[in-house]
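Chains as they are written, first to last, in UniProt numbering: chain C, 1 to 241; chain W, 1 to 241. Glycine included, every Cβ here is placed at the ideal spot set by N, Cα and C. The structure presented is a predicted model; accordingly, all values stated were derived computationally and were not measured.
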């Protein structure tokens, strides 16, 4: 059973202002929820149609009908469970060897996919410009497939950070060096730009290492790659050795 | 001005059965529409709020209000134009050197992104299993960003095709050979599997060249990559030389 107030609260968490006001976000699906539980995310409450999370005490979980689940889910086809978690306080930035910095990524699916990629390639620190979509947006949480629990995300003034970092700074441009022929170090900061405009003019001068993913052949008119697929290729190149 | 019947027709084209019945699909946005126009797609009618396609004769275009555009668009934030095109008859399969075969890709965004990637990497032939999402789904058309005009897509019985092709067949699995250390030819057929289940049991035996994209480090628990990002890495590896 889900009360009207609970439905109102959970659906409100689809909007950033209510996530901030309540310091809560929600995740859907057994796997993603389990990974958050295992990673010190503090559960507020779990709503499940069937799956019994034995590790959760009875006062923190409710069995609900599929109809109730539909009312609180953000998905067209809801999973079997929705869990509300507390938004943790931002952890300090990890001084890792390889950092991904996102310059105004707007699409939640792209951000989620990039976090999943970072997790795959062992990158534990992602920096987002303040204009980047909120990591606790339910579509981001969904697209990370649990990786949100393992990648540290901080929202920062990217220009300020790039000005002070000692890491070499990389980014992709149409006129950069062929990434396949560039020596790529195992430490560095990789800037990925906005879906429509790429890396912003404000940051471009700070990106000293300009890379390009070569387009194959000359006949194609494709002007760009999706930012998540471009990130996949760049991270693969940095890690392939 | 858009008539009620036109609104009814165009919105019906969001569903496959009405696309088939009417042999029509629609695209949104100036750039994507222009690329379809330049690529022999036959325009039925264009609805635009502002942008004047000079190359289109007056009887094939209408200036509409933003409110009208909202009624026919499939997007939450409509572009400035919607164009209805005839679905062309399927062209014969191109006997190219490198073919991508999709085994039950269900998500329209993934199919669109993969076609955009194929276009970037100069792959002009994509084969889809009959279970793969329809290429004329508006979300697919949107995600291709115009690449749908340059990549030949055929829906086939994939098993039958794999049984008769002379191309070496590649696919990614959790237990395959490290793709970074494999010699990859410039001809071959690359099978990419379903979002949840990977390559189907029915096809697996036919994929003689089993590849893996290595996960970096051992601590990560990420179980998989999104199929579009995996395709990005695989195509990059085949083309990087």
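*Measure the CB-CB distance between residue 149 of chain W and residue 36 of chain W and report whether it falls below 8 Å.*
The Cβ atoms of residue 149 of chain W and residue 36 of chain W lie closer than 8 Å to each other.
*Assuming residue 91 of chain W and residue 42 of chain W make a contact with CB atoms under 8 Å, what is their CB distance in whole Å?*
So it is not a contact: roughly 14 Å between Cβ atoms.
*The alpha helix (DSSP H) spanning residue 38 of chain W covers which residue range?*
Note, residue 38 of chain W: alpha helix (DSSP H), 30-38.
*Cβ-Cβ separation, residue 172 of chain W to residue 232 of chain W (assumed contact under 8 Å), whole Å*: Contact annotation, residue 232 of chain W with residue 172 of chain W: C-beta distance approximately 12 Å; criterion of less than 8 Å not satisfied.
*Whose C-alpha, out of C:239, C:177, C:192, is nearest the C-alpha of residue 209 of chain C?*
When each option's Cα is compared against that of residue 209 of chain C, the closest is C:177.
*asked:* Below 8 Å on the Cβ atoms is my contact criterion, and I expect residue 157 of chain C with residue 139 of chain C to pass it. Report the Cβ-Cβ distance as a whole number of Å.
replied: Their Cβ separation, rounded to whole angstroms, is 25 Å, which puts residue 157 of chain C and residue 139 of chain C out of contact at 8 Å.
*Just curious, the beta strand (DSSP E) that residue 171 of chain C is in, first and last residue?*
Per DSSP, residue 171 of chain C is one residue of the beta strand (DSSP E) stretching across 169-178.
*Who are the Cβ neighbours of residue 238 of chain C in its own chain at under 6 Å, not counting the five residues just before and after it?*
Closer than 6 Å at Cβ, skipping near neighbours: 184.
_Given 7 Å as the limit, tell me if residue 169 of chain W has its C-beta closer than that to any heavy atom belonging to the ligand ATP._
Because no ligand of any kind appears in the structure shown, any question about the ligand ATP cannot be addressed here.
_Can you pull the chain C neighbours of residue 228 of chain W, defined as C-beta to C-beta under 9 Å?_
Chain C residues near residue 228 of chain W: 113, 226, 228, 229, 232.
*Contact residues within the stretch 64-90 of chain C, judged by C-beta distance below 8 Å to chain W*: Flagged: no residues at all.
*For residue 61 of chain C, which residues does DSSP report across the bridge?*
In the DSSP output, where bridge partners are listed per residue, residue 61 of chain C has C:46.
*Check whether the Cβ atoms of residue 194 of chain C and residue 104 of chain C lie closer than 8 Å to each other.*
Closer than 8 Å, so yes.
*For residue 210 of chain W, which beta-bridge partners are listed by DSSP?*
Per DSSP, W:171.
*asked:* Short of 6 Å in beta carbon distance, which residues of its chain neighbour residue 137 of chain C, apart from the five on each side in sequence? Order them along the chain.
replied: Within its own chain, the residues whose Cβ lies closer than 6 Å to the Cβ of residue 137 of chain C, once the five positions on either side in sequence are excluded, are 108, listed in chain order.
*Looking at C-alpha atoms only, which residue of W:234, W:121, W:58, W:40 is the closest neighbour of residue 181 of chain W?*
Comparing Cα-Cα distances from residue 181 of chain W to each of W:234, W:121, W:58, W:40, the minimum goes to W:234.
*Enclosing beta strand (DSSP E) for residue 188 of chain C [first to last residue]*: 188-192 is the extent of the beta strand (DSSP E) around residue 188 of chain C.
*Kindly say whether residue 216 of chain C, judged by its beta-carbon, lies nearer than 8 Å to any beta-carbon of chain W.*
Closer than 8 Å: yes.
_I want to verify the contact list: residues of chain C whose CB lies under 7 Å from the CB of residue 121 of chain W, in sequence order._
Correct list: 216.
*Thinking C-alpha only, which one of W:25, W:6, W:7 is nearest residue 15 of chain W?*
Residue W:25 is the option with its Cα nearest to residue 15 of chain W.
*In angstroms with no decimal places, state the Cα-to-Cα distance between residue 214 of chain W and residue 179 of chain W.*
Straight-line Cα distance between these residues: approximately 8 Å.
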